[in-house]
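First comes the structure, then the notes that go with it.
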Amino acid sequence: FMQLVDGMDNSAPGLNFVLGNLVGMSELEVNSVEILPGASSALYGAGAFNGILFMTSKNPFDYQGISTYFKTGFTSQEAAGTNNYYDFGIRVAHAFSDKFAVKANFSYMQGEDWHANNYIDLLNPGRTRSDPAYDGLNIYGEAVVTTLNFDAAAGLPSGTVGSAFVTRTGYEERDLVNYNAESVKFDGSIHYKPFANDFEIIYNGRVGRGNTIYQGANRYAIRDFILQQHKIEIRNKNFFLRGYTTIESSGNSYDTRAAAVNVNRAWKSDTQWFTDYARTFIGAKLGVGTGVQLDDATAHAAARQAADTGRFLPGTPEFQNAFNGVIADGDFTTGAKFIDNTKLRHVDANYNLSHLLNNTVDFQIGGSFREYILNSNGTIFTDIDGPISYSEYGAYAQVQGKILDDRLKYTFSGRLDKNEFFDAFVSPRGSLMYTLGEKRNHNIRVSAQQGFRNPTTQDLFIGLDAGRAILVGSAPDNLDRDIRTYDLSPSGAALTSQQTVQIVGRAAYENAFSVSSVQAGAPTAANTQLVQPEEITAFEAGYRAQIGKVAIDVSGYYNDYKNFISNVNVIVPYYGTVGDNGLSLLALQNSDFKVYQNYTNSEATISSYGVTAGVDAKVLGNFDFGVNYTYAELDFNQAAFPDFRTNFNTPKHKVKASFGNTELFKNFGFNVNYRWSDTFFWQASFADGDVPAYTVLDAQVNYAVPSMKSVFKVGGSNILGQEYFTAVGTGLIGSIYYVSWTINP
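Residue numbers (the working numbering): 226 to 970.
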């Protein structure tokens with residue numbers, strides 16, 4: 226989903242997502258907001274695959290003066306308790322003449338993020354912390370795991386003591402992060418009209434700094450993260466030419482899972498910890514020194530206690546010193562700090578030729594160029610030897626007109642895009658809208674288009690240890706840059722005559738087992754293909770009507786995907802060749818393997834379809850009532866492709882409703898919003914699992930005082946207090962209550 230703020234893509238180019246409203250607009254600055262659902266590749270390129278949010282700011286020539294708002298309240302969550310939050314913003318704009326104007330915005334927000342404290346083991350919900358293989362969802366460090374063959378370690382006959390899958394003791398998320406959330410934003414613009422007409426030259430700069438928790442492959446503590454954008458634009462009513470850059474700086478951000486792993490290792494190496502565990506377990510089972518042979522559960526408890534002796538405990542100076550060192554270290558073998566100074570450069574242009582055609586049709590042409598410069602010093606991407614850069618460009622044309630007494634509106638467009646790694650792609654689109662009725666208050670619309678989505682920067686160049694898996698992007702020159710060293714088991718060391726092994730990322734694509742085949746007990750090769758652009762053929766039809774005080778909007782869509790981009794998990798053996806029925810199978814038996822996540826395309830037939838229906842009406846006089854229903858479905862045969870992950874992450878049913886009155890009595894209004902979401906299955910690199918259905922109720926009252934040029938608001942979000950989550954692994958979302966005062970809105 227693309228978010229455009231005054232024409233600038235607001236996503237972080239290295240992280241491939243929009244960081245909330247980090248460099249977005251203050252509420253005082255918003256002039257208009259428009260959502261364009263569905264694929265829009267024909268005009269906006271590969272990034273507009275799933276729709277666009279357009280946000281347009283206020284022009285200082287038209288909106289002058291000083292505006293400000295103050296908001297305060299508290300958040301409530303069972304895990305975090307009750308915490309205050311504050312939000313302040315100010316906008317200043319002035320036109321010095323009809324040729325020159327400036328504006329500036331500043332806002333600050335501070336509060337407590339939602340605490341994440343789900344300690345269930347998703348792989349086996351029946352496991353408790355006493356289980357040797359326990360791996361809690363929001364407990365990190367337990368991804369360090371091995372199979373301990375106690376009989377082999379003690380030189381005993383097979384079956385005497387047995388073996389066990391054992392994880393290291395982890396740390397809870399709350400011991401690894403500060404949940405203080407903060408956002409500081411500033412933006413300023415200079416507008417110049419040299420000819421005092423609609424020709425305008427604009428410089429706009431935006432800078433945002435923030436602290437929060439972000440969930441991607443892992444849970445990341447975003448600290449002092451800075452995102453800035455700078456734009457120069459020349460425009461009039463017939464054309465625009467704009468160029469902008471987006472610059473990331475990850476500040477002191479770090480990976481919580483890597484932090485837990487390396488705090489543990491700062492105290493005791495993995496090899497030593499598992500050795501201590503095995504020695505104690507074997508002794509407890511055999512009754513060494515006591516003559517009493519313990520049962521498995523008691524022996525495992527004794528083994529963990531012995532291996533954890535001297536462990537750095539949260540709240541102690543030893544833990545804090547180790548933790549501070551780890552989060553300041555950008556080497557993920559010993560630290561957790563991720564470095565991201567990725568940049569994006571973008572230029573686009575548009576020219577509307579309608580005035581040259583006597584406005585008989587609306588005809589416009591345009592193009593764009595974008596360059597990515599990935600710079601993570603090897604902490605996210607495989608750029609340890611220097612930044613990675615690549616580019617893409619495109620050109621488009623669109624014609625739009627009306628015929629049949631202006632009742633039939635047609636739009637036809639096409640775009641050609643080229644990414645340096647892939648063949649050129651053409652995105653055609655056509656739509657028709659027919660207006661019916663004597664009052665022209667009914668219309669029917671249909672559209673068909675082809676679109677595409679290029680693999681993201683991470684799909685191509687990531688090289689990241691996410692704990693549960695090693696993520697390796699599939700750009701051809703990326704595969705040989707991801708090089709990692711692993712310790713071998715005693716059995717593996719005996720087989721190979723070496724203590725460690727180096728694995729190159731290419732092995733994940735060319736020498737790996739599919740996870741499902743290993744789980745089924747019949748290991749077979751995975752042979753993952755390199756990722757290609759994802760293609761979509763989309764059809765949409767809709768009906769809209771205004772019947773008196775009632776507005777109706779119904780639409781349906783069907784999307785057919787080709788080369789659906791997602792990921793697949795594979796198992797890479799530390800030695801042997803997959804299919805040799807020899808060493809590679811022994812590697813599996815000895816736990817000498819690593820799970821990797823590959824980026825690829827599905828060979829399956831995948832389609833999605835859905836319906837949206839909405840009604841807005843004036844009821845009981847001048848009350849506003851609205852209700853909206855959304856149905857979404859993915860058609861994919863998971864059984865035929867068990868290792869492929871679609872990451873659809875969309876509920877089948879959603880309902881929204883609102884009821885309010887902007888003028889219940891003089892200067893007083895209110896609004897109540899209701900949201901319900903069906904249960905759905907969440908699939909992501911961090912964790913998979915069910916997201917239960919949830920119901921949310923929001924309410925707000927507002928009172929205007931014209932003599933003070935002020936509006937006062939009191940409101941709450943999730944006032945029913947039923948905590949919920951929308952992604953597996955995040956903190957439960959609690960309630961927010963607030964009061965606000967806006968001056969000169």
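Glycine included, every Cβ here is placed at the ideal spot set by N, Cα and C.
Item, Value
"Between the CA atoms of L347 and S722 - distance to the nearest angstrom", "37 Å"
"Start-to-end residues for the beta strand (DSSP E) that takes in N461", "444-461"
"With 16 other Cβ atoms within 10 Å as the buried cut-off, status of N584", "exposed"
"Those residues which DSSP pairs with G336 across a bridge", "A406"
"Residue burial classification, T541 (beta-carbon count within 10 angstroms, cutoff 16)", "exposed"
"Reduced DSSP secondary structure (H/G/I, E/B, other) of L466", "strand"
"Within-9 Å CB hit, N823 to chain C", "Reference to chain C is not applicable here, since this structure consists of a single protein chain."
"First and last residue of the uninterrupted alpha helix (DSSP H) at Y734", "731-735"
"Burial state of K934, where buried means 16 or more other Cβ atoms lie within 10 Å", "exposed"
"Span of the alpha helix (DSSP H), counted from its first residue to its last, around S827", "Premise fails: S827 is in no alpha helix (DSSP H) and is neither H nor E."
"Neighbourhood of A691 by C-beta distance below 8 Å, restricted to the same chain and skipping five residues each side", "A442, N443, R482, Q822, S910, F911"
"Which listed residue (G516, G807, A751, G413) has its alpha carbon closest to that of F869", "A751"
"Among S741, Q757, G698, S716, the one whose alpha carbon lies nearest that of A174", "Here the chain comprises residues numbered 226 to 970, so residue 174 is not present and cannot be evaluated."
"Enclosing beta strand (DSSP E) for P542 [first to last residue]", "Run containing P542: none in the beta strand (DSSP E); it sits in the alpha helix (DSSP H), 542-552."
"For R529, three-class secondary structure by DSSP", "helix"
"Same chain only: Cβ atoms within 6 Å of Y834, ignoring 5 sequence neighbours per side", "Y783, E858"
"Burial state of S257 (16 or more Cβ within 10 Å)", "exposed"
"Beta-carbon gap between G217 and S652 smaller than 9 Å", "As displayed, the chain neither begins before 226 nor continues past 970, which places residue 217 out of reach and without an answer."
"First and last residue of the uninterrupted beta strand (DSSP E) at Q589", "587-599"
"Residues sharing a beta bridge with T762, DSSP", "Q675, D785"
"Per DSSP, cross-strand counterpart(s) of G941", "A924, Y962"
"Where the alpha helix (DSSP H) through K510 begins and ends", "495-511"
"M233, DSSP secondary structure in three states", "strand"
"Inter-residue spacing [alpha-carbon to alpha-carbon] between S282 and K410", "15 Å"
"T875 versus W907 - alpha carbon distance", "8 Å"
"Cβ pair L452, E458 closer than 9 Å", "no"
"Residue span of the alpha helix (DSSP H) that contains A378, given as start and end", "375-379"
"Of the listed residues I507, Q497, G433, A406, nearest to Y445 (C-alpha basis)", "A406"
"As assigned by DSSP and simplified to three states, the class of T967", "strand"
"Proximity below 9 Å, CB of W498 to CB of E543", "no"
"Nearest to I427 (by Cα), restricted to the options Y469, A377, Q440, K562", "Y469"
"Short Cβ contact (9 Å threshold) for E473 with L240", "yes"
"Identity of the residue in D556, G619, E645 nearest F606 by Cα", "D556"
"Where N349 falls: helix, strand or coil (DSSP)", "coil"
"In chain order, each beta strand (DSSP E) run of at least 3 residues that lies wholly inside the stretch 847-911", "848-860, 878-890, 893-902, 905-907"
"Given I958 as reference, the closest of F866, V852, A304, K664 once Cα atoms are compared", "A304"
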